[in-house]
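Here the structure is laid out as structure tokens; the discussion comes afterwards.
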Amino acid sequence: METIDPNHEYEHYWNQYAHIDMRLTVGENRVEIYDYEKSEKVDGTNRIIYINLETANKLGIKYIFTSVGVPEELVSTGAIELVYEDSIDPWQIYAIVG
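No gaps in the numbering here: position 5 of the sequence shown is -7 in this note's numbering, and each next residue is one more.
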């Protein structure tokens, strides 16, 4: 977690038994209890960690498997590319380029 939250600003969110959902952002890394893509508060011990592309690269993440949208800016600039989209369910896989 040092890579995502080096100042331990969000330690009270992630240092517990929690269900973590990690998503890409073009902004700063942050931990939320509100799901901005679905416009609702997450329940119980659920948390959403928004990480930027720089952090994803530091963590060695190569692919994003998601059912929620990714920042269009990352797609349009070629930073990530769609490699799979399910024809029935909303799941997509993106590759982090470079």
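Idealized CB from N, CA, C, for every residue including glycine.
query: Any chance the segment 6 to 13 sits against the segment 34 to 45, with 3 or more Cβ pairs inside 8 Å?
result: yes
field: Residue nearest to Ile(-8) in terms of C-alpha spacing, selected from Ile21, Tyr22 and Asn45
entry: Asn45
Test item: CB-CB of Asn17 and Asn40 under 8 Å: yes
task: Have a look at Asp31 and Ile21 and give me their C-alpha separation to the nearest angstrom.
output: 8 Å
field: Same chain only: Cβ atoms within 6 Å of Leu62, ignoring 5 sequence neighbours per side
entry: Ile68
- request: With Thr13 as the anchor, note down where its beta strand (DSSP E) starts and where it stops.
  value: Run containing Thr13: none; DSSP gives neither H nor E here.
field: Coarse secondary structure for Ala83, derived from DSSP in three states
entry: strand
query: Buried or exposed: where does Val19 fall if 16 or more other Cβ atoms within 10 Å of its Cβ makes it buried?
result: buried
message: Let me make sure I understand the geometry here. Which of Gly57, Lys29 and Gly66 has the alpha-carbon closest to that of Gln80?
response: Gly57
field: Residues of its chain near Asp74, where Cβ-Cβ distance is below 8 Å and the 5 sequence neighbours each way are ignored
entry: Gln80
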